[in-house]
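Peer 1: Sequence order for the protein chains is V and H. Under numbering that gives the first Met the number 0, think of the first position of the first sequence as 0, with each following residue one higher. Under numbering that gives the first Met the number 0, think of the first position of the second sequence as 0, with each following residue one higher. Here a beta-carbon is modelled for each residue, glycine too, at the ideal position from N, C-alpha and C.
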Amino acid sequence: MSAQSIASRLNILIPRQKLPLRSPVVALIAVFCACAALAQALETQIFDPATRTWVTYDPRQAVKYYRAHGQAPEEFQRRIVDFRTAEKPGTIIIDGDKHFLYYVLPDFQAIRYGIGVGKDGFGWAGIVKVGRKQEWPTWTPPAEMIERDPKAAQYKDGMPGGPENPLGARALYLYEGNQDTIYRIHGTNQPWSIGLNISSGCIRMNNDDVTDLYNRVEIGAKVIVLMQGAALYRGV
Amino acid sequence: MNSLKPHAAFFFALGFPVALAGCSTSNSSTPTSPVVRTSEATAPAALQLTCASEAATRFDVSSDKILPVSSRPGGDGGYLVDLSMDGQQATCAIGEDGVVTSLERA
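(1) Using the C-alpha atoms, what's the distance from H/S38 back to H/G73?
(2) Checking contacts by CB at 8 Å: is V/R203 closer than that to chain H?
(3) Considering V/P58, what are the terminal residues of the beta strand (DSSP E) in which it resides?
(4) Can you give me the C-alpha to C-alpha distance between H/D81 and V/D148, rounded to a whole angstrom?
(5) If we call anything under 8 Å between Cβ atoms a contact, is H/V35 one with V/Q108?
(6) What are the partner residues of V/W242, as DSSP defines its beta bridges?
(7) Whose Cβ in chain H lies nearer than 7 Å to the Cβ of V/F82?
(8) Does the pairing of the segment 180-187 of chain V with the segment 151-162 of chain V give three or more beta-carbon distances under 8 Å?
(9) Could you name the residues that DSSP lists as bridge partners for V/F46?
(10) Around the C-beta of H/P30, are 16 or more other C-beta atoms found within 10 angstroms, so that it is buried, or is it exposed?
(11) Compute the beta-carbon to beta-carbon distance between V/I223 and V/I93, rounded to the nearest angstrom, for a pair I have assumed lies under 8 Å.
(12) Report yes if the C-beta distance between V/I126 and V/K221 is below 8 Å; otherwise report no.
(13) Could one say the Cβ of V/T43 lies closer than 8 Å to chain H's Cβ atoms, at least one of them?
(14) Taking 8 Å as the threshold (C-beta atoms), are V/L195 and V/Y56 in contact?
(15) V/N164 lies in the alpha helix (DSSP H); which residues open and close that run?
(16) Say the cut is 7 Å; is the CB of V/L195 nearer than that to a heavy atom of the ligand GDP?
(17) Can you find a C-beta in chain H that's less than 8 Å from the C-beta of V/L173?
(18) Do you know whose CA, among V/G122, V/P165, V/K132, lies nearest V/P140's CA?
(19) Spatial neighbours of V/Q133 within its chain, please: C-beta separation below 6 Å, excluding the five flanking residues on both sides.
(20) Which term fits V/G219, buried or exposed, when burial requires 16 or more other beta carbons within 10 angstroms of its beta carbon?
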């Protein structure tokens, strides 16, 4: 698997000049991605009061809900919760199964945000850190994505940051040591997608939430990603 | 002034059940957003990480090398949490109160 094909799967920009095709990093990522393809993500379900049954909260349901309510379900709205942990304040803990991101506060509390996570085969778990932050990040479709979708060609040199940009208002770049994992926590131009397994491995938040998180988190903050059955990033 | 008291009592008696009905209606219809859940029950993240922290201490492994990888309901309302521990596996039983009741290498 080439670096560009990996980038294509993740729908993100990897500066080509900074990622040699045969680097050890690429090899490790390729192995990781191959393993990740085996993962089966847990799904969100939503209670349908009309039928009094739980139904899968899929993209169709999510769009329908968002149109009716103007936001994702209440459970995914930002709030402060009790959170007893030994992790330091400032740590980010991602519960990919429940689609929550926690920002640890002092006194056993945390801010909980709703998130969207990787679709089947793209989920992952591991311990990384925030290596870089960016306001209104540029998004550039990888070459393979442009091949699949000619409309994406207009952004081959990068789509400027803005409301229509898939990376949304802010991006936190996740690193392991000094290496970019190629995963990010970022905003979105699809706010209805919070609560879904929909991304190519990145953690997405609505723009207000990612901006709130961006303003709180510091470079170097520890990020723990929990996801049942997902491949472990670099074999924790 | 005293002559108004029976009237006040009357209106209070009339209004009080109405007020209660208003509260009752408001509560019973529960017009909040529908509840969401996960397709399978997993342990809360804080409990999973408590298990990881306990394992780091008990087995003298760096906390950066321990990660909860799966969890499920256990007995008595608690959970079982599987840990990946620097290439090895361990299973932790933890109560809802955050007390680890057992921790064993797989």
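Peer 2: According to the structure data:
(1) 17 Å
(2) no
(3) Note, V/P58: premise wrong, no beta strand (DSSP E); alpha helix (DSSP H) at 58-68.
(4) Answer to the nearest angstrom: the Cα atoms are 41 Å apart.
(5) no
(6) One cannot answer for residue 242 of chain V here, as it falls past the ends of chain V, which runs 0 to 235.
(7) A45
(8) no
(9) V/W53
(10) Legend: pLDDT at H/P30 = 47, less than 50; position of this residue unreliable, value from coordinates given subsequently. Exposed is the call here.
(11) 7 Å
(12) The criterion of a C-beta distance shorter than 8 Å is satisfied by V/I126 and V/K221.
(13) yes
(14) Yes, these two residues count as a Cβ contact at 8 Å.
(15) Counting along the chain, no alpha helix (DSSP H) covers V/N164, and no H or E run does either.
(16) For the ligand GDP, the structure offers nothing, since it holds no ligand at all.
(17) no
(18) V/P165
(19) A170
(20) exposed
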